[in-house]
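K.L.:
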């Protein structure tokens, strides 16, 4: 029996299913969670999505009203975990990626767990695991779950739209090397199921606020430092600067990619001061410029070779100096 048939069998046997994903949700974590939720419902079962924090504003066009959020509904999330007899772990492969509160709930549970993820170096013990680092996204793996478990006929617009979103965002609109022939085959199946891709692109691209664009303009014009000897761009934004431009979650998500688009850039690093720490986004080009190692070795993070995240408990200037000092070692 293939792994996907086993997962489908576990869904059908379970009574209380919850779907979890990582902190700081993105298009793939939200899209894969919503797509899996609708698939489970099509199988005649019910499930609850439990996320550590709310979806960013640019994803509010999706219907995530049924999601339980730990930062907003801790009691409801706790009850859902206590009742669960099957837990899905989507788009993460280490329990510390879901925040300390949900991590404690997950690690205290003695029930079946299923991990579906595409990141490197899995650490999460699970009853069943799909850890496929060559996949473009977790959303791509959810499509494969539906197809390979013999339920491809259930694919429709409600399932396919969030899954298309997950693939779109995690591939940088199909720009990243993770986009393969396999990815386009999956996309073709989603389009055939009724997904209106032009509406998804419009929802993602045409939702800027004036303050978001002003913040990004300020970051690019005033706060970007280019280390010419190493072809690395660094952008830092303090909490005061974010406040001045009325920062909303998601407003800086594309800054690293914008900086990386400069001709000749090998890597771009953006860090913002939020929640008392520096949250860092790493982006790079080429196998020789992997940033996940830098993130894991020095900034308590990790991710993909060319797209990773991390954090620093140092101040803005101290973090900047630390990054400057490490650049010659890695680039």
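Residue numbers (the UniProt record's numbering): 1 to 331. Yeah, the Cβ is synthetic: ideal placement off N, Cα and C, and Gly gets one too.
#1: Does the Cβ-Cβ distance between residue 114 and residue 126 come in under 8 Å?
#2: Go through its chain and collect everything with a Cβ distance to residue 295's Cβ below 8 Å, but skip five positions before and after it.
#3: Residue 195 by DSSP, collapsed to three states: which one?
#4: Are residue 138 and residue 160 close, meaning C-beta to C-beta below 8 Å?
#5: So is residue 136 buried or exposed if we call it buried at 16+ other beta carbons inside 10 Å?
#6: Let's see if you can read the secondary structure: which residues bound the beta strand (DSSP E) around residue 274?
#7: Less than 6 Å between C-beta atoms, sequence neighbours within five positions excluded: which residues of the same chain meet that for residue 50?
#8: Residue 274: which of 170, 231, 248 sits nearest, CA to CA?
#9: Check the C-beta distance from residue 267 over to residue 291 and give it rounded, since I have them as a contact under 8 Å.
#10: Using the Cα positions of residue 170 and residue 147, report the straight-line distance between them to the nearest angstrom.
#11: Nearest-angstrom Cα distance between residue 3 and residue 277?
#12: Classify residue 144: buried if its beta carbon has 16 or more other beta carbons within 10 angstroms, exposed otherwise.
#13: Just confirm the distance between the C-beta atoms of residue 120 and residue 133, as a whole number of angstroms; I'd bet it's less than 8 Å.
#14: CA-CA distance, residue 95 and residue 105?
#15: Taking 7 Å as the limit between beta carbons, can you name the residues of its chain near residue 40, skipping five residues before and five after?
#16: Could you check what DSSP says for residue 49 in three-state terms: helix, strand or coil?
#17: List the DSSP bridge partners of residue 21.
#18: Per the DSSP calculation, residue 113 is bridged to which residue(s)?
#19: Could you check what DSSP says for residue 283 in three-state terms: helix, strand or coil?
#20: Could you name each continuous beta strand (DSSP E) segment of 3 residues or more that falls completely within the segment 166-192, going from the start of the chain to the end?
#21: Would the beta-carbon of residue 72 fall within 8 Å of that of residue 54?
#22: Excluding the five sequence neighbours on either side, which residues of its own chain have a C-beta within less than 6 Å of the C-beta of residue 88, listed in chain order?
#23: To which residues of the same chain is residue 99 closer than 8 Å at the C-beta, ignoring the five residues directly before and after it?
#24: Grouping DSSP H, G and I as helix and E and B as strand, with all else coil, what is residue 262?
#25: Would DSSP call residue 129 helix, strand or coil?
#26: Can you give the Cα-Cα distance for residue 230 and residue 7, rounded to whole angstroms?
#27: Take residue 305 and list the residues in its own chain whose beta-carbon comes closer than 6 Å to its own, dropping the five residues that flank it on each side.
#28: What residues match up with residue 311 in a beta bridge as DSSP calls it?
P.N.:
In short:
#1: Here residue 114 is taken as the residue at index 114 of the chain shown, counted from 1. Here residue 126 is taken as the residue at index 126 of the chain shown, counted from 1. Against a cut-off of 8 Å, the Cβ pair of residue 126 and residue 114 comes out as a contact.
#2: Within the chain shown, numbered from 1, the residue matching residue 295 stands at position 295. The residues are 280, 282, 301, 302, 303, 308, 309, 310.
#3: By 1-based counting over the chain shown, the position of residue 195 is 195. DSSP places residue 195 in coil when its eight states are reduced to three.
#4: Indexing the chain shown from 1 puts residue 138 at position 138. Indexing the chain shown from 1 puts residue 160 at position 160. It is not a contact, given that the beta carbons lie outside the stated cut-off.
#5: The sequence position of residue 136 within the chain shown is 136, counting from 1. So residue 136 ends up on the buried side.
#6: One-based indexing of the chain shown puts residue 274 at position 274. Note, residue 274: beta strand (DSSP E), 267-274.
#7: Along the chain shown, one-based indexing puts residue 50 at 50. Closer than 6 Å at Cβ, skipping near neighbours: 18, 20, 68, 77, 80.
#8: Numbered from 1 along the chain shown, position 274 holds the residue referred to as residue 274. Comparing Cα positions, the closest option is 248.
#9: As a position in the chain shown, residue 267 is number 267, starting the count at 1. As a position in the chain shown, residue 291 is number 291, starting the count at 1. For residue 267 against residue 291, the beta-carbon gap comes to about 6 Å, under 8 Å, which counts as contact.
#10: As a first step, residue 170 is located in the chain shown; it is residue number 170 there, counting from the start. As a first step, residue 147 is located in the chain shown; it is residue number 147 there, counting from the start. Taking the straight line from one Cα to the other gives about 21 Å.
#11: Mapped onto the chain shown, residue 3 falls at position 3. Mapped onto the chain shown, residue 277 falls at position 277. Cα to Cα, residue 3 sits roughly 39 Å from residue 277.
#12: Taking the chain shown and counting its residues from 1, the one referred to as residue 144 is at position 144. So residue 144 ends up on the buried side.
#13: Here residue 120 is taken as the residue at index 120 of the chain shown, counted from 1. Here residue 133 is taken as the residue at index 133 of the chain shown, counted from 1. Confirmed, Cβ separation roughly 6 Å.
#14: Against the chain shown, residue 95 aligns to sequence position 95. Against the chain shown, residue 105 aligns to sequence position 105. Roughly 10 Å between the two C-alpha positions.
#15: Sequence index remark: in the chain shown, residue 40 carries index 40 (1-based). These residues qualify, in order along the chain: 11, 17, 47.
#16: By one-based count along the chain shown, residue 49 stands at place 49. Residue 49 falls in the strand class under three-state DSSP.
#17: If you number the chain shown from 1, residue 21 lands on position 21. Note: residue 21 sits in a beta bridge opposite 90.
#18: The count along the chain shown starts at 1 and reaches residue 113 at position 113. In the DSSP output, where bridge partners are listed per residue, residue 113 has 87.
#19: In the chain shown, counting from the first residue as 1, residue 283 sits at position 283. Strand.
#20: none
#21: Looking up residue 72 in the chain shown gives position 72. Looking up residue 54 in the chain shown gives position 54. Cβ distance < 8 Å, so residue 72 and residue 54 count as in contact.
#22: Counting from one through the chain shown, the residue named residue 88 turns up at place 88. Non-local C-beta neighbours of residue 88 in its own chain, meaning closer than 6 Å and more than five positions away in sequence, comprise 19, 114, ordered along the chain.
#23: For the purposes of this step, residue 99 is taken as the residue at position 99 of the chain shown. For residue 99, where only same-chain residues beyond five positions count, the Cβ hits under 8 Å are 23, 52, 53, 70.
#24: The residue given as residue 262 occupies position 262 in the chain shown. In this structure, residue 262 counts as coil in the three-state DSSP scheme.
#25: Position 129 of the chain shown, counting from 1, holds the residue named residue 129. Correct three-state label for residue 129: strand.
#26: As a working mapping, residue 230 is identified with position 230 in the chain shown. As a working mapping, residue 7 is identified with position 7 in the chain shown. Distance between the alpha carbons of residue 230 and residue 7: 46 Å.
#27: Looking up residue 305 in the chain shown gives position 305. So the qualifying residues of the chain are 290, 292.
#28: Numbered from its first residue, the chain shown carries residue 311 at position 311. Per DSSP, 279.
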